[in-house]
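Working notes, beginning with the structure itself.
Numbering (the numbering used here), first residue to last: 1283 to 1808.
Set out below in structure tokens:
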């Protein structure tokens, strides 16, 4: 019955687009845009409050609303922007000058975003940009026989626009030449990662995002290939991470006063068969400084799309029971609060499987993960700085499933947190925005990983007990510095150095390694 449901939905989508309702449309702000970190800083300083920043990406229109709120706050209160913050804010306004212009807000013409090609006529708008990225990585140390050099050269383009102010679209295509990874064979097996194409002696990895957005008075609809990130985490998220590969999805977003609802139904890639991911999330703002959120997700496969999972407001935990209790159902709960100006506290609890009658720390069936963090803006009165601590713990067997089709993966990559099961991470960062263009970060990180991985579910012979960090534990410390300079508008140059000290490398007792890593990257969007 539902074999061709995505085709049917697409035609329904196109039919709806032909309605007479016309509301200004906008595409999303990409997850790697610097605006997200900057807005987190301003939100922590108390310049605005928004439900939108923990279910990303957000639309350009929604980000524009935040900019308007910041503008009003800065006029009404003595916010005390530093010169670096003010310059970044003005640059961001320049990038969104079209949306702000529709609200009769003036911006500096000199700071308007540039495009390779721009065309506008009769409410139709098109923009084309060049996307270029060159990344060099150099590794030396005990685990390398000789210096290892990796080069990634990415060339692509971005096409975005609006049709008759009723449909927005976005296309970002890119092709990456990879050198230094000793790739000799093509790959089209999703369980071995993203596709790899061999041309002569060169290896290429290509990818593209492409989606439509249409906004109704009561919700926003997106159809196509995109990314998603849910949760307050900085280094990673437990249910949906910004590091997950692009996937095809149907997404619904709706904002109702103090509530923000998001629903996704998408297709994942696996060599085990057809695989789907469905999830919904609702966030609530009970107090001006407090945000609470809850979400559910299900991974299922080797059958047609299920109508109950396609229903965005159906409780998936109940739906799974009615569908035979054979899928991978998870839940998550989030908290974000700003109790004092300049301080942000956040946490997320992820429940893969859980039984309240058993000990959560020793019973193998209690599969959960959590992260917690604190972000302090201008610590000890030092302007233009930020200090962050974050801790993440993934219990044994989290994200695994006894059916390979239901493992929490897409293209052999965890779509939740990048840590393996039976691992934890402790992260510290000091960030300094020296001026509009220059940013410096100092970081320290400890990662521990015991036995097991996402493709190794619990087996009967393992017994009923679990122990966190069981087996041989690999412990890696990383100390690094990251310097990013915006040479000219939207031309970013990054230099990063990391020192890594690893005990029990690859979980081999006594195998230790000290290594140095240097990363150079040039990013251009023009």
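Using N, Cα and C, we set each Cβ at its ideal position, and we do this for glycine too.
Given the structure is predicted, the values throughout are model-derived calculations rather than measurements.
When DSSP states are grouped into helix, strand and coil, residue 1355 belongs to the helix group. Runs of the alpha helix (DSSP H) spanning 4 or more residues and lying entirely within the region 1363 to 1446 occur at 1365 to 1377, 1379 to 1384, in chain order.
Distance from the CA atom of residue 1788 to the CA atom of residue 1756, rounded to whole angstroms, is 7 angstroms. Excluding sequence positions up to five before and after residue 1621, its CB lies within less than 8 angstroms of the CB of 1571, 1627, all in the same chain and listed in chain order. When the beta-carbon positions are compared, residue 1747 and residue 1646 come within less than 8 angstroms of each other.
Per DSSP, the continuous beta strand (DSSP E) segment holding residue 1711 begins and ends at 1705 to 1715. Assigned with DSSP and collapsed to three states, residue 1310 falls in strand. Taking 3 residues as the shortest admissible run, the region 1628 to 1661 contains the following complete beta strand (DSSP E) segments, listed from N- to C-terminal end: 1649 to 1659.
DSSP places residue 1542 within a strand segment (E or B) once states are collapsed to three. Within the same chain, Cβ atoms closer than 7 angstroms to the Cβ of residue 1605 are found at 1588, 1590, the five residues on either side in sequence being excluded. Nearest Cα to residue 1534 within the set 1402, 1548, 1526: 1548. Judged by DSSP secondary structure, residue 1573 falls within the beta strand (DSSP E) whose first and last residues are 1572 to 1583.
Taking residue 1405 as the centre and dropping the five residues before and after it, the same chain places the C-beta of 1446, 1447 closer than 7 angstroms to its C-beta, in chain order. In the three-state scheme derived from DSSP, where H, G and I count as helix and E and B as strand, residue 1323 is classed as helix. Residue 1793 and residue 1424 have their C-alpha atoms some 10 angstroms from each other. The C-alpha of residue 1751 is placed about 32 angstroms away from the C-alpha of residue 1555.
Taking 3 residues as the shortest admissible run, the region 1705 to 1776 contains the following complete beta strand (DSSP E) segments, listed from N- to C-terminal end: 1705 to 1715, 1720 to 1731, 1756 to 1770. Shortest Cα-Cα distance from residue 1771 to any of 1785, 1734, 1762, 1805 involves 1805. Counting along the chain, residue 1561 sits inside no alpha helix (DSSP H); it lies in the beta strand (DSSP E) bounded by residues 1557 to 1569. Straight across, the Cα-Cα distance linking residue 1366 with residue 1320 is about 11 angstroms.
Across the set 1697, 1710, 1680, 1796, the C-alpha of 1680 shows the shortest separation from the C-alpha of residue 1749. Rounded to whole angstroms, the separation of the alpha carbons of residue 1546 and residue 1560 is 6 angstroms. Looking from the CA of residue 1565, the closest CA among 1602, 1618, 1521, 1634 belongs to 1618. Going by DSSP, residue 1600 is part of the alpha helix (DSSP H) stretching over 1598 to 1604.
Taking 8 angstroms as the cut-off, the beta carbon of residue 1697 is found closer than this to the beta carbon of residue 1522. Within its own chain, the residues whose Cβ lies closer than 6 angstroms to the Cβ of residue 1722, once the five positions on either side in sequence are excluded, are 1714, 1765, listed in chain order. Proximity of the region 1372 to 1381 to the region 1414 to 1428 falls short of the contact definition, fewer than three beta-carbon pairs being nearer than 8 angstroms. Residue environment analysis places residue 1392 among the exposed positions, since fewer than 16 neighbouring C-beta atoms fall within 10 angstroms of its C-beta.
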